[in-house]
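What follows is one structure encoded as structure tokens, with my remarks underneath.
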Amino acid sequence: MRCVSYTRALSGCWAIEPKEDMLKKQNALITEYAKKRGWKITQKYSDRKKVRDEETAFLQMKQDGINRKYDCILFGSIFYAGRNYTSTYDLIYLILYPAGVHFAVAEDDFCSADKTKDEVEAYLQKNRSVYRGEIASIIATRQCKGRQYMKYGYVWKDDDTLEVDEIAAQIIREIFEMCRDGSSMLTISKSLQERGIDTPFQYAYKKFDKDCGERHKNWNAARVKNILANEMYIGKWKRCIRGIDYEYPCPVIVDQTLFDAAQQGLHKRNNVKNGRSNSEYSWYSGIIVDEETQHPLMSYIKPSDKEHILRFRYPAPQVKRYQQLWIKVDTVTESAKKMLFCEVQKARRVKQLLETELCEKEKAAQLEQLRKKAIAVFAKMSAVEKELMQYSKRYEAGELTEEDYSEQYQSSLLKQNEMNATLQTHMTAMEEVETVFSSKNPWLELYANLQIGEHFDKRELKKYISKVLVYRFETASVEFIHVKWRDRLPKLWLEETR
Numbered sequence: 043m044r045c046v047s048y049t050r051a052l053s054g055c056w057a058i059e060p061k062e063d064m065l066k067k068q069n070a071l072i073t074e075y076a077k078k079r080g081w082k083i084t085q086k087y088s089d090r091k092k093v094r095d096e097e098t099a100f101l102q103m104k105q106d107g108i109n110r111k112y113d114c115i116l117f118g119s120i121f122y123a124g125r126n127y128t129s130t131y132d133l134i135y136l137i138l139y140p141a142g143v144h145f146a147v148a149e150d151d152f153c154s155a156d157k158t159k160d161e162v163e164a165y166l167q168k169n170r171s172v173y174r175g176e177i178a179s180i181i182a183t184r185q186c187k188g189r190q191y192m193k194y195g196y197v198w199k200d201d202d203t204l205e206v207d208e209i210a211a212q213i214i215r216e217i218f219e220m221c222r223d224g225s226s227m228l229t230i231s232k233s234l235q236e237r238g239i240d241t242p243f244q245y246a247y248k249k250f251d252k253d254c255g256e257r258h259k260n261w262n263a264a265r266v267k268n269i270l271a272n273e274m275y276i277g278k279w280k281r282c283i284r285g286i287d288y289e290y291p292c293p294v295i296v297d298q299t300l301f302d303a304a305q306q307g308l309h310k311r312n313n314v315k316n317g318r319s320n321s322e323y324s325w326y327s328g329i330i331v332d333e334e335t336q337h338p339l340m341s342y343i344k345p346s347d348k349e350h351i352l353r354f355r356y357p358a359p360q361v362k363r364y365q366q367l368w369i370k371v372d373t374v375t376e377s378a379k380k381m382l383f384c385e386v387q388k389a390r391r392v393k394q395l396l397e398t399e400l401c402e403k404e405k406a407a408q409l410e411q412l413r414k415k416a417i418a419v420f421a422k423m424s425a426v427e428k429e430l431m432q433y434s435k436r437y438e439a440g441e442l443t444e445e446d447y448s449e450q451y452q453s454s455l456l457k458q459n460e461m462n463a464t465l466q467t468h469m470t471a472m473e474e475v476e477t478v479f480s481s482k483n484p485w486l487e488l489y490a491n492l493q494i495g496e497h498f499d500k501r502e503l504k505k506y507i508s509k510v511l512v513y514r515f516e517t518a519s520v521e522f523i524h525v526k527w528r529d530r531l532p533k534l535w536l537e538e539t540r
């Protein structure tokens, strides 16, 4: 394996402080790792200037990688692999890795040649999160440990810990008890308002002799709900610091039993409004339209026989008259079930074909077409890189003015961006092909294992149907979910199930 290495003086993550011996440290890690793997470093790329945007060696390494002059890049640390993490990610995951050029990180004992594609992506995404977290920790100071925010029911002590504020705690316990005893959040808020109890905002502002404004002086159901849902009152103080969730202990105001009892009342829903019972569940609500006009259809009950029907809303929109003026809900439901059954049969047939040689041949053929397109883009990228390097040499030799060089550089940069976008499109298409011809195909996952029996609940239909089309109130058809993944499959595979 032809292996090269890359080091740089400054980290691509500007949250990491510059250190004098980082180049030595990276080289030591690289040497030790290469010896452990039995690799020989054929070339060393290094950006030694202590400038954040320095990437002369990085661009040369990128050019050589596109030209397939090596098979693996070895980095000392993933945070010293480019001028920023985005350029590192784009190079190794979007450009070189799909072309068969691997990478290794000595500090993490990680080599893409030993891992699956999913493991490689997970590794890069994890480090991207770390990178962003380091940046966020400097920029965002609101969620740091040193900040003290007012907590309703608590007061801060001198040692930066919390203790119970008994005046507010008494109100909090009362709210939980009222909810446990069956009072709604609206009823609780009205009771507190009538008694003149300060809202959490009012209470906090009064401590500093300030006015919180009129909009914060009224209790409402949302404020009551925030208190009832806050686990801090049972001793679980959750905080997000530098993008990481932490849980700290704090004094308990309500016990777990009372909290759990209140949660049951919190999540209850009143299903009867104004004394009227619920109407029948309309699984087609929001997705059923007239096929020709795309006007939505509404559910009504015929006065004569109390049958549920679908028709245009009243007054009807200005549309041409059909011979039929309505269609039965049961007719639409039965049509939807039949079409769903056919879709399930198709999915099961395709799932069986996934394990055959026919599937492998079809997938390989589609991937080969995309690889050829990607290779063609690589060739164009290489030509642009060479052209840019020639301009740089001519500029350094004094053959080009700074204005001419800048114009040529911007032109080359525009071409590179366009080709990178095209390459990314091909890479995405290749990933989609892998998904289409696998059990992870969203259409297959949704329909292949679906059981439709006599007791199939019509409420479930909406999970599998995106749209219902009614033709002149005579027939109904449906559009299914994830059809773009189904339509990527050979048509013959789907026709055989009819």
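Using my numbering, read the sequence shown as starting at 43 and increasing by one per residue. Each residue gets a CB set at the ideal place from its N, CA and C atoms; glycine is no exception.
Rounded C-alpha distance that separates residue i from residue j
| i | j | result |
| --- | --- | --- |
| Thr-477 | Asn-483 | 5 Å |
| Met-43 | Phe-145 | 12 Å |
| Leu-101 | Glu-429 | 13 Å |
| Leu-166 | Glu-516 | 55 Å |
| Glu-541 | Leu-409 | A question about residue 541 goes unanswered here, because the residues of the chain that appear run from 43 up to 540. |
| Tyr-433 | Gln-466 | 27 Å |
| Asn-491 | Trp-535 | 18 Å |
| Leu-400 | Ile-134 | 33 Å |
| Leu-442 | Cys-114 | 36 Å |
| Glu-219 | Asp-287 | 30 Å |
| Met-274 | Val-147 | 42 Å |
| Gly-28 | Leu-486 | This structure cannot speak to residue 28, because the chain is shown only from 43 to 540. |
| Thr-73 | Ala-155 | 18 Å |
| Cys-186 | Leu-300 | At Cys-186, the pLDDT of 46 sits below 50, so the modelled position is not reliable and the matter cannot be decided from this model. |
| Leu-455 | Tyr-245 | 58 Å |
| Ala-421 | Trp-279 | 56 Å |
| Ser-448 | Glu-97 | 17 Å |
| Val-392 | Lys-380 | 19 Å |
Local Cβ density within 10 Å of residue i, reported as buried at 16 or more and exposed below that
| i | result |
| --- | --- |
| Leu-352 | buried |
| Asp-332 | buried |
| Glu-438 | exposed |
| Lys-61 | exposed |
| Lys-104 | buried |
| Tyr-112 | buried |
| Asp-592 | The displayed coordinates of the chain run from 43 to 540. Any statement about residue 592 would go beyond what the structure contains. |
| Ala-210 | buried |
| Met-354 | The question names Met, but residue 354 is Phe in the sequence shown. Buried is the call here. |
| Cys-45 | buried |
| Trp-198 | exposed |
| Glu-502 | exposed |
| Phe-117 | buried |
| Gln-366 | exposed |
Three-state secondary structure (DSSP) of residue i
| i | result |
| --- | --- |
| Ala-303 | helix |
| Ala-148 | coil |
| Ala-490 | coil |
| Glu-236 | helix |
| Val-386 | helix |
| Val-510 | strand |
| Ala-518 | strand |
| Lys-393 | helix |
| Ser-319 | Bear in mind that a pLDDT of 43 at Ser-319, under 50, signals an unreliable position, so the number given afterwards is only what the model happens to contain. The answer is coil: DSSP assigns Ser-319 none of H, G, I, E or B. |
| Val-296 | coil |
| Gly-188 | Reliability of the predicted coordinates at Gly-188 is poor, the pLDDT of 47 falling under 50, and the value obtained from them is presented with this limitation in mind. Looking at Gly-188 - three-state DSSP - the assignment turns out to be coil, as it is neither helix nor strand. |
| Lys-348 | coil |
| Gln-381 | A quick correction: the sequence has Met, not Gln, at residue 381. Three-state DSSP puts Met-381 in a helix. |
| Cys-153 | strand |
| Ile-523 | coil |
| Cys-45 | strand |
| Arg-50 | strand |
| Glu-205 | strand |
| Arg-413 | helix |
| Arg-353 | strand |
| Ile-329 | coil |
| Lys-248 | helix |
| Tyr-165 | helix |
| Ser-341 | strand |
| Lys-193 | coil |
| Trp-485 | helix |
| Trp-535 | helix |
| Lys-77 | helix |
Cβ distance (whole Å) where residue i is taken to contact residue j below 8 Å
| i | j | result |
| --- | --- | --- |
| Asp-150 | Ile-120 | 7 Å |
| Phe-479 | Glu-404 | 7 Å |
| Trp-261 | Thr-229 | With 8 Å as the limit, Trp-261 and Thr-229 do not qualify as a contact, their Cβ atoms being about 11 Å apart. |
| Ala-303 | Arg-222 | 4 Å |
### Task
Ignoring anything shorter than 3 residues or poking outside the region 424 to 466, list the beta strand (DSSP E) runs there in chain order.
Runs found: none.
#### Entry: Continuous alpha helix (DSSP H) assignments of at least 4 residues falling wholly in the region 80 to 144
Within the region 80 to 144, the complete alpha helix (DSSP H) segments of 4 residues or longer fall at 98 to 108, 127 to 131, listed in chain order.
#### Entry: beta strand (DSSP E) runs wholly inside the region 262 to 294, at least 3 long, in chain order
Listed in chain order, they are 278 to 283, 286 to 291.
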